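**Q**
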Amino acid sequence: MFSLDAPLQPAVEGFVDPENGESQHTTHLNNVVMQIHRNTSIQDLITLLGPQLTHVQDKRRSRATLLLAEVLTRLPELKLAADTTHLLLVFFVERLADTPSLGPCLKALSALLSFHAAAVPAADILLLLESLFSLPSPIPTLGQAMRKQCFQLMNIVLELNVVDTHGARVLMEGFLAAMDGEKDPRNLLLCLQLASALLTAFPSNVDADLIRLFFHVTSCYFPITFKPPPNDPYGITSAQLVAALRSVFIAHDSMAKHVVPMVLDKLSRTTVTDMTVDMLDTLAFCCTRYPLNRLLTQFTPVATTVYRSILHGDNQAVIAAATATLRAIAKAVSPPSSLPGMQALAWSKFVVHVVQTALRDMQDQAMDSMVSLRAATVLTGVAAQSAAGLTYVLESSLPFLLSRVSAAAAALPTSSCCSTSSQLEAALACLVGLLDCIDVDVDHVTPPVLPHVQPIQAALVQSFHFASAHVANSSRPQRLCLQGLAKLVLRPPSPLLQDDSVHSLVDLWTTVVLTHAAADVRAEATAALKATANKSAVLAHHVRERSLPPLMHVVASPEDVLAVLAELSTEPSIFMALVLPLCQLGLGINPNQPLLQLHPQTKDIASAVANIVRLNQLNVACIDACVLPTTATTSVVQLLVDTVVHHVRQQLELNGHALLNHDDDAVTVTLVPPTAVILGVVMQHGSIQAQETLLQYVLSLFLTMDVSPLQPQATAVSLQLMPLLGAVLYSAGAALATIAPALPTLLPLLFELAQRPLLLPPPTAVATPLTASPSPHPATTCALKSIAALLNAMPDDALLHQYLSHVVTSTTSSSSDGGNLPPPVASVVVDAGYPLPRRLAALQVYLHATKAIVLRAHATTVPVVFTFLWSLLSSEELKLHVAHGFELVLDDWTDVLTAASHALISPVHRQRTFSLLFPLLTTKENMEKRVVTLLVVAHTPHAILLPHVLDIVPLVVDALNLKEPPYAALLGHPALVTFEVRFHAVKDRLRALGCLASLAKIKYELIHPHKERVIKGLLAALDDRKRTVRQAAVKVRNQWSIL
């Protein structure tokens, strides 16, 4: 047993005794270490160990030596005098000759050099090295663990950096002799790292013989094919060994003359893909790190080997590795260089050689042959690495490529075979690949492609026309031509083309978009126009001036021109120049024709305008331009709204004043929906000035015009305009202050429209508990949502309280205020003297108003409105409608009362609704109030429900037992499964599972729709940390599975 006061002698004897067990050895060792740490010197320990260190039994000598090693290792701050350190080191060095004590000696020497290096003289280290490399049993014959100790000791000596020239020679030669034949990956990784460190630490002490010896010892491992076994505890990977071996190869410049020929020789003799890829990667790694003067004699054979690997590679992995090697070496020999003379020679021996070889092969073969295609890969690989490479490749190969392009294009009219078009396609692909090598980031003083721009452009344009006219089986040659022309414009940082050349290209792309038969070619031209417009303001001006007029002129043909315009509109200047003329075109506005006549494609054009505005909704300047024009006298919004109102007046004159049952005319179907979309986007994303301008304009128009849907005598034709007003009012929250004076006039009109008798369903159409509610009139829906949006955004002042008092007052019986306001909706709801459709309409107004103030979390009004609605659940005529109305109050809308429409939304309005309504439920409440509670539960966040699950589940079971089909959906509410899976207490999880088991016994048709959901939800409970829960989950899941 470990003790702080245990005597030292018994502890020493107990550790040295080989008959004791491992636990006893550990206890005695801890006692010895503690005694040395507290008050005993190491000299006393050595004195006590004297007889054991010279004992005739090997195990006792070894354990005595191990005790000293453990003390030195575990006490790194042990204070040792210089003479003591010297004596200890000499003792352990001499004891190395004792084979049983070799392991402990190596451990002790590592501790001495690691923790007491300052007290160790260089002579002692040299003595250590000489003794280590002259062991009775050479290092390669030792076991793996001892070999690793030896290598670690050498690494410690190297890190001390105290050996002289002679010591460095001894260390390197001894290390190489020790490493020779090493096969264990655990030691090999350390050896390769040590070899690299030695070559790096003593570069001046390495002569040709040592370099040859290093190469001989390490190169036998190349290429490394090590694959670690599954679940390897040591974590040694093949990538680590490969990286370590490559570090050895580049650790000294003199390794180049041995490494590169060896790699080339093995490359020529191997057929294994993984080994070939590794050799190519190693070749690239080494050639990019050796000085150029070390590789001058090797560049030509390297170029030949790499080129051969690209040309005759067996699979894509080899070709990709060879191409990457080519690119890396080409970049390494490209100017500028610290050795310009050497760089020029290296350039000539590698780049010139490989480019000329590729050109000769392309000249001897057809352009669409495999040899030519891979030779073209070589050309693009060299050209992509530097400006010098692109310049040389263009100067060398461009005349040949242009001649092949021209010859193939000229032969198309007279040749009927596919080979001609294939050769044209191959030549164009090579040319476009070279253009893709233009550097997009570096703006050169003299761009490499500048002298060749005109002949390239002429060849591509000519080839496009020839291919369009004579190649019918493939559109790729045309697409390649368009891609090449686009690269001439887009890739150079500074323009290479003159304005007239850019104009000709824009005209060509526009013509292709308008007339070409192939959809993919038109898409390529569209992409070129879009990229050109977005590259710079100057190019956008060219596209605007050259492309928009012809596109606008033929906007009806072909059908996809509107999509092209939408793509181009993402550039602000094009948007400004496009939207208003496009609207005028669709609406038939012509200065030479006073009568308005809609374009045949007005529906598509109007939808395209709405789509363009929606695509640019994040650009405030573009959205503002729809309301606040900078150059035109009429804005887009005003033009659209005035046109719609004009056509409504015409429709009234033609059809008389029919109030209802009037079919929608072309104006409603064509212009009202896109116009409403544009109005909504402006109100949601425009600036405050734009929102205020639009709101004032639309509201003043609807309050004063003769065809306003707000007028009591409005006809069905006029009611078609209501979505326009709704689109503005839905998002009026941010700009509501500008129409504050008009609110006392506007709100009563909206209240009246929402309850207008002519728009209400007949009494026979009113919903019953067995029938669905009839769909409200679209104008009524717009009025209801507008009321909700305004009440949500109005300031909390006297005007808001006036309307809320009308909303919440439940005791007044009629409009006794004598004003122009309609009767309070609450009084209409509770007054049985009104027809049921009128009361239900008032209830809808009340529910929408409730939603508005619930979302804004009005402090005083929310509890009052909920109390009023709760009281309505006692009415036989209204309780079902009120119950369903809570779904309206809690559901999220997409077009109104959202954050995008500037609504006031409390982040905890659902939680507050639950906290206000759930306590109202008692065991004596009627079933309708329980139903309301369940509907509120269904729309409440899960986390809020978890503490109340024990109260909620009985309500669900009661509703199901009473066969109420609308409420069976509550069975699948995620809160129940969440509670059963994740709640902390085991008893709560078991109770939840018991609830699910009880639910499995009720009527099958009620629970069948939720069977799969419950079965999948219980999968998590099968992994519960408690066995009882897992067992219960299995039983419950089986019950549901056999239903």
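Counting in the UniProt record's numbering, the sequence shown runs from 1 upward without gaps. Idealized CB from N, CA, C, for every residue including glycine. As the structure is a computational prediction, the values presented were derived from the model and not from experiment.
#1: For Leu-539, which residues in the same chain have their Cβ closer than 6 Å to its Cβ, ignoring the five residues on either side in sequence?
#2: Arg-649 to Ser-718, Cα distance in whole Å?
#3: Give a yes or no on contact between the segment 489-503 and the segment 462-477, applying the rule of three or more CB pairs nearer than 8 Å.
#4: Would you mind stating whether Pro-488 and Leu-496 have Cβ atoms separated by less than 8 Å?
#5: What ranges does the alpha helix (DSSP H) occupy inside the segment 1-51, keeping only unbroken runs of at least 4 residues that lie completely in it?
#6: Run through DSSP, which three-state label would Leu-598 get?
#7: Which residue comes first and which comes last in the alpha helix (DSSP H) that contains Gln-462?
#8: Can you tell me which of the three DSSP states Val-986 falls into?
#9: Going by beta carbon distance, what residues of the same chain come within less than 7 Å of Ala-459, once the five residues before and after it are set aside?
#10: Which residue marks the beginning of the alpha helix (DSSP H) containing Thr-305, and which one marks its end?
#11: What ranges does the alpha helix (DSSP H) occupy inside the segment 105-133, keeping only unbroken runs of at least 4 residues that lie completely in it?
#12: Does Thr-768 pass the burial test, meaning 16 or more other C-beta atoms within 10 Å, or should it be called exposed?
#13: What's the C-alpha gap between Trp-1040 and Ala-992?
#14: Just to check my reading of the structure: Val-12 and Ile-42 have Cβ atoms closer than 8 Å, yes? What is that Cβ distance to the nearest angstrom?
#15: How close, in whole Å, do the beta carbons of Asn-611 and Thr-570 come, if the pair is a contact with beta carbons under 8 Å?
#16: Does DSSP put Met-794 in a helix, a strand or coil?
#17: Select from Arg-169, Ala-577 and Ala-118 the residue whose C-alpha is nearest the C-alpha of Phe-133.
#18: State the DSSP-derived secondary structure class of Trp-347, mapped to helix, strand or coil.
#19: In terms of alpha-carbon separation, which member of Ile-589, Lys-535 and Glu-425 lies closest to Val-573?
#20: Roughly how many angstroms lie between the CA atoms of Ala-410 and Ile-224, to the nearest whole one?
#21: Is Leu-171 near the ligand NAP, judged by its Cβ being under 7 Å from some heavy atom?
#22: Across the segment 889-899 and the segment 782-802, are there enough close Cβ pairs to call them in contact, namely three or more that are closer than 8 Å?
#23: Could you give the distance in angstroms between the alpha-carbon of Ala-1032 and the alpha-carbon of Leu-990?
#24: Do you know how far the Cα of Leu-955 is from the Cα of Thr-923?
#25: Select from Ser-998, Asn-187 and Leu-213 the residue whose C-alpha is nearest the C-alpha of Gly-235.
#26: Alpha carbon to alpha carbon, what distance is there between Thr-670 and Gln-720?
#27: On the criterion of 16 or more Cβ atoms from any shown chain inside 10 Å, does Asn-820 qualify as buried, or is it exposed?
#28: Can you tell me where the alpha helix (DSSP H) with Phe-886 in it begins and where it stops?
#29: For Val-936 and Ile-952, which I take to be in contact (beta-carbon distance under 8 Å), what is that distance rounded to the nearest angstrom?
#30: Between which two residues does the alpha helix (DSSP H) containing Gly-1017 stretch?
#31: Relative to the C-alpha of Lys-851, which residue among Lys-879, Leu-890 and Val-830 is closest?
#32: Could you check the C-alpha separation between Ile-589 and Arg-491 for me, to the nearest Å?
#33: What's the C-alpha gap between Asn-1038 and Gly-994?
#34: Hey, out of Ala-676, Gln-711, Ile-688 and Thr-715, whose CA is closest to Gln-651's CA?
#35: Near Arg-614, what residues of its chain come up, given a Cβ to Cβ distance below 8 Å and the 5 sequence neighbours on each side ignored?
#36: Should Leu-872 and Val-864 be called a contact, given that it needs their Cβ atoms to be closer than 8 Å?
**A** Judging by the given coordinates:
#1: For the purposes of this step, residue 539 is taken as residue 539 along the sequence shown, with counting starting at 1. These residues qualify, in order along the chain: Thr-532.
#2: Within the sequence shown, the letter at position 649 stands for residue 649. Within the sequence shown, the letter at position 718 stands for residue 718. Their backbone Cα atoms lie some 8 Å apart in a straight line.
#3: no
#4: Position 488 of the sequence shown, counted from the start, is the residue given in the question as residue 488. Position 496 of the sequence shown, counted from the start, is the residue given in the question as residue 496. The amino acid occupying residue 488 in the given sequence is Leu; Pro does not appear at that position. A contact, by the Cβ cut-off of 8 Å.
#5: 8-16 and 22-38
#6: Your numbering for residue 598 matches position 598 in the sequence shown. Reduced to three states, the DSSP call for Leu-598 is coil.
#7: Within the sequence shown, residue 462 is the residue found at index 462, counting from 1. Residues 453-470.
#8: Reading the sequence shown from its first residue, position 986 is the one you call residue 986. Looking at Val-986 - three-state DSSP - the assignment turns out to be helix.
#9: Working through the sequence shown from its first residue, we reach residue 459 at position 459. The answer, listed in chain order, is Leu-402, Val-405 and Ser-406.
#10: The residue labelled residue 305 in the question sits at position 305 within the sequence shown. It spans 299-312 - the alpha helix (DSSP H) in which Thr-305 sits, taken as one unbroken run.
#11: 122-132
#12: Here residue 768 corresponds to residue number 768 of the sequence shown, with the count starting at 1. Here Thr-768 scores only 48 on pLDDT, less than 50, and its place in the model should not be relied on; the value that follows carries that caveat. So Thr-768 ends up on the exposed side.
#13: As a position in the sequence shown, residue 1040 is number 1040, starting the count at 1. As a position in the sequence shown, residue 992 is number 992, starting the count at 1. The alpha-carbon atoms of Trp-1040 and Ala-992 are separated by roughly 14 Å.
#14: Translated into positions along the sequence shown, residue 12 becomes position 12. Translated into positions along the sequence shown, residue 42 becomes position 42. Incorrect: roughly 12 Å between the Cβ atoms, too far for contact.
#15: As a first step, residue 611 must be located in the sequence shown, where it is residue number 611. As a first step, residue 570 must be located in the sequence shown, where it is residue number 570. Incorrect: roughly 12 Å between the Cβ atoms, too far for contact.
#16: Position 794 of the sequence shown, counted from the start, is the residue given in the question as residue 794. Annotated three-state conformation of Met-794 is coil, per DSSP.
#17: Taking the first residue of the sequence shown as 1, we reach residue 133 at position 133. For Phe-133, the nearest C-alpha among the options comes from Arg-169.
#18: The residue given as residue 347 occupies position 347 in the sequence shown. In this structure, Trp-347 counts as helix in the three-state DSSP scheme.
#19: Sequence index remark: in the sequence shown, residue 573 carries index 573 (1-based). Before going further, note that residue 573 is Ser rather than Val in the sequence given. Nearest of Ile-589, Lys-535 and Glu-425 to Ser-573, Cα basis: Lys-535.
#20: By one-based count along the sequence shown, residue 410 stands at place 410. By one-based count along the sequence shown, residue 224 stands at place 224. Taking the straight line from one Cα to the other gives about 54 Å.
#21: This structure lacks the ligand NAP, and indeed carries no ligand of any kind.
#22: When Cβ pairs closer than 8 Å are counted between the two stretches, the segment 889-899 is seen to touch the segment 782-802, the count reaching three or more.
#23: The count along the sequence shown starts at 1 and reaches residue 1032 at position 1032. The count along the sequence shown starts at 1 and reaches residue 990 at position 990. So the two alpha carbons sit approximately 7 Å from each other.
#24: Residue numbering aside, residue 923 sits at position 923 when the sequence shown is read from its first letter. Residue numbering aside, residue 955 sits at position 955 when the sequence shown is read from its first letter. Unreliable placement is indicated for Thr-923, whose pLDDT of 49 sits below 50; no coordinate value is reported for it.
#25: Within the sequence shown, residue 235 is the residue found at index 235, counting from 1. When each option's Cα is compared against that of Gly-235, the closest is Asn-187.
#26: For the purposes of this step, residue 720 is identified with residue 720 of the sequence shown, where counting begins at 1. For the purposes of this step, residue 670 is identified with residue 670 of the sequence shown, where counting begins at 1. For Gln-720 and Thr-670, the distance between alpha carbons rounds to 12 Å.
#27: What you label residue 820 is simply residue 820 of the sequence shown in a count that begins at 1. Model confidence at Asn-820 stands at a pLDDT of 49, short of 50, so the residue's coordinates are unreliable; what they give is reported in the following sentence. That one is exposed.
#28: In the sequence shown, residue 886 corresponds to position 886, counting from 1. Segment 879-890, the alpha helix (DSSP H) holding Phe-886.
#29: Sequence index remark: in the sequence shown, residue 936 carries index 936 (1-based). Sequence index remark: in the sequence shown, residue 952 carries index 952 (1-based). About 10 Å; that fails the 8 Å criterion.
#30: Your numbering for residue 1017 matches position 1017 in the sequence shown. Its alpha helix (DSSP H) spans residues 1011-1017.
#31: By one-based count along the sequence shown, residue 851 stands at place 851. Residue Leu-890 is the option with its Cα nearest to Lys-851.
#32: As a position in the sequence shown, residue 589 is number 589, starting the count at 1. As a position in the sequence shown, residue 491 is number 491, starting the count at 1. If I take the Cα positions, the gap works out to 41 Å.
#33: The sequence position of residue 1038 within the sequence shown is 1038, counting from 1. The sequence position of residue 994 within the sequence shown is 994, counting from 1. Approximately 13 Å, taken between the alpha carbons.
#34: The residue given as residue 651 occupies position 651 in the sequence shown. The shortest CA-to-CA distance from Gln-651 to any of Ala-676, Gln-711, Ile-688 and Thr-715 is the one to Thr-715.
#35: Locating residue 614 in the sequence shown gives position 614, counting from the first residue. Closer than 8 Å at Cβ, skipping near neighbours: Val-677 and Val-681.
#36: As a working note, residue 872 is residue 872 in the sequence shown. As a working note, residue 864 is residue 864 in the sequence shown. Against a cut-off of 8 Å, the Cβ pair of Val-864 and Leu-872 comes out as no contact.
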